[in-house]
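The next block holds one structure in the form of structure tokens; read it before the comments.
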Ligand SMILES: Cc1ncc(COP(=O)(O)O)c(C=O)c1O
Ligand SMILES: Cc1ncc(COP(=O)(O)O)c(C=O)c1O
């Protein structure tokens, strides 16, 4: 039942609004609202109960193992949330003077330094509000870099076909054309194809490493050389940074610019879709173009201050009204502080250990790995193509049935090049028990699929709803309640 | 699965303890612990997930209508919790000097005054930690009062048979003998029986008004006169104060002493069993005996201070190491502040309106009210005796089946004198929709009982477990996990 | 190491199963000369206790001032229930609802959110959120350019009274596609945009006209006239609005003859704390016609195989994960948690509560205006109607007056002189329902004192 | 009226169905002369916003000092996760789990709690909590009197080194039943209770001996010898213990030859904030023999009709709601929510974490002791082993020294002179793991300064 359907005329949470309605003065009548907006009309208890119960219809890290590949669903420390929610942090206005902002600025400054160190880059701007906005910032910097050199012919961005959808979408948002290149059966990029498309029209290449195939791109140095030799730049999509945190740095691999997904690698909560934070880091060449604001120090080093377009005249500009997702930045800072040097090193190690262990268990149980000859990184791909063909049970069916077993499904049907695939990312914060439990569930479902495919293809049975009619949703669009309808 | 069963040797939430283990010096070996205690060994994520999931196995006000008679399960304002959780409130040590306690003391002082006003009494002590401890304080004061007058023959406390179990239990804890008196078919006390047992041996009578029968005791003035004339005192069990808040005051009805259940009437959360807070209020005669500590003012009225046995040499003493459930007192204060004068008046009005509405709907639907000729107060009793006899479906069966309909069951089998009873207390914070929904569920269950009694007698079906074997629980006592067993 | 649960025994077992000797061996596909050295510049880890101590000290450093800055971020009372529920693990630690059956909580909530935003703006379609108001405006511009069938232009027209930081953000984003944003000058004595100011642009090909209500100065625009003018010119009209104000002011969907086409704005006033600027969220609503141009996620109501109602991501063919380079935007992660809070906030307040908040904020600002009338050296920059902000002109340099007020722990407003030199020494002052009469008196006192300081200096 | 959801229409409909004209009519059974007049002395209601402002100001008034007071309430680091989960609506707003099937969350949690307390104390039975440590001790006394089959006495013996406020509480409660509590004097140079101090009581009929470990002075008792002495005399032995210390010190169930019979104490150190003294919780554990004397709720593990494990209230025949005047106690509402927090706290820390907390607290106290050795006018009252508290003797009046330290925002300890005049000017000082070296240095400085002030005065 919708909150609107629990409404009754005249109800609202009376403790939450001024006790009397103040008079309005000096506003011409035609600018005033004539009819009330149809918002819910409910008591405080009704609202609390409604949304508490809604929340109970979700899977979440706090309730379930959630091995969603490419999303890094690791434990979100409650301490980070607590620290960021201290009254002094919550009440700071984004435009408060620096005299009243030194506490916050010092956290931002330190995080900038930490991110530089872990990525091996020369400069960082924390302002992008998610990975995709980081990409936009990064690609815009590549564009600005070429333009600043008068090199205006570079109109193409190369993207491996396994790339996340945001990569090509971003390139287009920055006015580039996209050139997709294939991936080889072993998961590495097709170097010949790359050499074919690279040229004076190449602005750069966007890639992740490890790639979304869950393997480390071994030819990275050659790719780097190829693109650089052609005058292009290398963009690193940091969504998979968790795999290599403390093990290998993008800067050392030859990347010129990258974004990080702090909501992945730095464990800030995903919030049912967001917010995230997508800082960009750059090598020396792109330093002048970083988006503002950034935190620097005053000349005498005595306090922190905002750097803006006066300090960075070639900046690509600002990407939000204020400082991006400031509170997420604070949480990521806290996470870095809690882990420290040693903890950050271990993120890559244990996320990789967990993925390889699961991959081995799955392979031993007869599931087909997409890249059986390769090491898994922090994630790996299983293909259920065989099951789909012979049993009529697809990856989506396995996914839905997993819900009944109390596990969130892995990412399905991504990357697009592997048929009927599961991209499985356990993360380092899961215990061996959960990993084994998941594999056991997969084995059980496999058995069900063999014995009674219908059982699996009609799953789930234990959720608030059964499978939903997506076609109807798109065709008979119902995206807002109205009491009239 | 128990948290112990998820344990693995060496795991713990490493962010939560000192990073190194400090050395111990100067403690003789034989005083040291030799074997580690078998506490859980789990990661932070495991603990968060385990207890988050456990919580999801509960009904609560925040998730369901919870009309538990005598328990006043009303909405617990989140604002009260927020206010009491401000860092300054949480960090105050109970023995902090008065110079560093004025904020807290002022809240306590004001609440004392508010409670005096709403009860019509002369003095208040907030220290008792629940209703039952308030009863203990109250009855101990009655004892102290008689003793102070040298009247040591008064060894009996009179209690109506409908009384809550804590009443007789308390009288015994205070060294009294209990005399139970019957309740008439119309729900009022049997006045003749009272007159029979009252006498020079009577220390006092403990009653609630409205009684646990859900009706207002109409003879209260005569009862008061009878007991007072015999030299006894009147104790008011304030568990039902919600019914009459702002409508009639215990002090005006002739009571000498009472306790309140702030966790009921003043909306502090019940916490799965507690904490509560059970302040006592007294008339002039018992003022010298109030338990300590109490908050008063300094002579010059400039600040607040603790009153202790130096100020109240005849006090019955202290009932806790510090100030009782200080944080609950704070929440109750906030509740009073939010409601204010008008809001408090309406508590009695709307809790009564809701109960009478439900009672009427139930009666109209054919359910049998225990006291059909009487007004309901904030709660009312339905007896399912007929259903039990003719259909073999008991009140407990109805209760269990209600869970399947998403309603917490009312209080069952209390008061003991009404067979197969439901004591239903909706509270003033529930909307008409919930009340009607509950009655509809009862009607539906009645129909099920008539058509398929088995369905009802085997309920519930939708909960984490089915009916539990209480006999086994008591006979094969298993009250603590051990890895050895 | 705080959050890695592995015991020595676990590690041994896992390595054994995998068939390697060490964790390090799992990285053997990485060229060894690339392997990272110890991250020396990262400090050692702290326990949660030590971390909390540090963060508390830092929070304390920034706390304690009375804040009259608005300029796009507004301090309102946030009911305790809002974040108590928003931060339940099930909302906070879930991801984008890809598995609809296991995400009905988030999905239904967003559907309800869409309904509320649609009701407030008077436009039928809302998405599930954009990053913030400023970047949301950039998306609105891109939408308008794609969606305006009458115009082939890559130009849009923006009122100069639109928030300057929004205009900067829009430029950073859309200029990558060669889109140009031309500015309409405002009337500097009224601080709004009379239709006459648009005369120069009559007959030119622009894809959209952007106006703000209230505008950056807190002043009200004649949105009906502006909307009708834009439509007459074949432009789409984009309204930048403050959601609180919509409980008092006319909804964009009702502006002029046919209503604005897109409404966009900053959702922060709806229950989101100031928190240094984020996470907030951008809302965007549009007409039915534009639905396929909408960026970001949209939730639709449908039924399951039993015919039971349920909610799911819909029109995904607009999105990057399906459409890749042809998507309406690259947005993926949005601001879901802030939307959760806003939905609970709006449900608690309802229209009646929200309109009390709006009216009280407006009335407070009017009251402060009238109190300031008596202060020497201070002039109200415009007599036009305002919502809950207004521009003060000072006869001393704004920067030093504000600094001096800040020393008195009163943050006196936002210095607009840098963005609008034509207004000379001017500050933007905001009052919301959280300010008491005592607070206003403190403001007047602090401003008076600061002006005197400046006098003396 | 903030929490009553009734609209005018609702009220009308309800009155109509009931068949009355007004709400007032529903109260017509109450004699009209008894009806309450307006509650004039109760102030008018505030909105949540105004309330928060007031409460924030009051919280602020009491905040900011560095606190070295212990004396039964201890400041420890509380992991953020503890109260985030404890305050989930499902735990916080449920009631006593009378409907077991709809309360498995609370029930399993309490079973786990019982298991943990049992593990810590080394005694097999725990209940679901009592109000606090002090009233818990009173219940333990009543239990021992009922449960000691060898003694018919209504007397118990208590070490004078047991917390004076606990002893007062016990007396207020048990004296109503004519029970007397006799005191054993402690050794004032050691600040503990040598067996020799018990010589006078040899051969007398007491139901129980009460000892504390660590005792009120923070000093350790020779619990083995004391326990064996008590048992030899036919007494039951009640140990009052600090749960944190049990990760370092021997468990009551292992004291002496056969272990203490009852362990009781204050649960607050296990994740409960100081919060002016409550809600805390009393824990109580006992031997199998005493289980039927246990007051309060006990949860048992059992199976459901499908054979699936589940949890339920058990042995209810001890309780007031079943047994009424014959119950083991009148307790009904207990401290469930605090128990929830403690259970999560213990689960996070585990034994290893808890022992680190215990050791760090002990080591901090030892460190402060050694730093104070050099301060003139200050003497360590005893050389005996302590846990994390100790008694300092001052050569100036404790009250004025503490007041002077408080002016410096250091709460220097608890003045024990009122309770133990024989110790002259003495204060009880506590250090836990939350105190840094800087904090200790501040303490030494503040104490030194305060003593000098006193000198000057
Ligand atoms: C590989 C990859 N790249 C980019 C992104 C985009 O990041 P965001 O969702 O934060 O915008 C994602 C996130 O889902 C991703 O998995
Ligand atoms: C009528 C009545 N009296 C007394 C009590 C005891 O109060 P408490 O549970 O707070 O000890 C209760 C509570 O359940 C009650 O309902």
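Protein chains in written order, with the numbering used here: chain A, 283 to 767; chain B, 283 to 767; chain C, -7 to 449; chain D, -7 to 449. Yeah, the Cβ is synthetic: ideal placement off N, Cα and C, and Gly gets one too. This structure is a prediction, so every number in the text was calculated from the model and none was measured.
The C-beta separation of residue 352 (chain A) from residue 705 (chain A) comes to about 6 Å, placing the pair in contact by the 8 Å criterion.
C-alpha of residue 679 (chain A) to C-alpha of residue 740 (chain A): approximately 8 Å in a straight line. With a cutoff of 7 Å on beta-carbon distance, residue 707 (chain A) and residue 665 (chain A) are scored as not near each other. For residue 324 (chain D), the shortest separation between its Cβ and any heavy atom of ligand 2 lies below 6 Å. Among the residues facing chain C, residue 41 (chain D) is included, as its CB has a counterpart in that chain under 7 Å away. Taking 7 Å as the cut-off, the beta carbon of residue 356 (chain B) is found closer than this to the beta carbon of residue 549 (chain B). Residue 300 (chain C) counts as exposed, since fewer than 16 other beta carbons sit within 10 angstroms of its beta carbon. Residue 293 (chain C) places its beta carbon less than 7 Å from that of residue 760 (chain A).
Taking 7 Å as the CB threshold, residue 69 (chain C) lines the interface with chain D.
Rounded to the nearest whole angstrom, the C-alpha separation of residue 320 (chain C) and residue 201 (chain C) is 20 Å.
According to the DSSP assignment, residue 588 (chain B) belongs to the beta strand (DSSP E) that extends over 586 to 589.
Beta-bridge partners assigned by DSSP to residue 378 (chain C): C:211.
With distances taken between CA atoms, residue 403 (chain A) lies nearest to A:530 out of A:429, A:456 and A:530.
Judged by DSSP secondary structure, residue 353 (chain D) falls within the alpha helix (DSSP H) whose first and last residues are 328 to 364. Checking the 6 Å criterion, the Cβ of residue 76 (chain C) is out of range of every heavy atom belonging to ligand 1. Just measuring C-alpha positions, the residue of D:296, D:410, D:211 and D:274 sitting nearest residue 354 (chain D) is D:211.
One thing to note: residue 92 (chain D) has its Cβ no nearer than 7 Å to the Cβ of residue 288 (chain D).
Nearest neighbour of residue 347 (chain B) by Cα position, chosen from B:636, B:578 and B:426, turns out to be B:636. Going by DSSP, residue 278 (chain C) is part of the beta strand (DSSP E) stretching over 274 to 278. As summarised for the stretch 129 to 167 of chain D, the continuous beta strand (DSSP E) elements at least 3 residues long and confined to that stretch are 147 to 151, given in chain order. Residue side-chain check: residue 448 (chain A) places its Cβ nearer than 6 Å to a non-hydrogen atom of ligand 1.
Going by C-alpha positions, residue 424 (chain A) is about 11 Å away from residue 488 (chain A).
In this structure, the CA atom of residue 194 (chain D) is about 17 Å from the CA atom of residue 172 (chain D).
In terms of Cα proximity to residue 257 (chain D), the closest of D:243, D:276 and D:241 is D:276. Closer than 6 Å to some heavy atom of ligand 1: that describes the Cβ of residue 521 (chain A). Taking a Cβ-Cβ cut-off of 7 Å, the neighbours of residue 73 (chain D) in chain A comprise 360, given in sequence order. Here the C-alpha atom of residue 477 (chain A) lies approximately 7 Å from the C-alpha atom of residue 508 (chain A). The distance from the Cβ of residue 440 (chain D) to that of residue 419 (chain D) is about 14 Å, inconsistent with a contact at the 8 Å cut-off. Beta-bridge partners of residue 517 (chain A) (DSSP): A:488 and A:539. Membership of residue 722 (chain B) in the alpha helix (DSSP H) is indicated by the continuous run 714 to 733. Relative to ligand 1, the beta carbon of residue 413 (chain A) is positioned inside 6 Å of a heavy atom.
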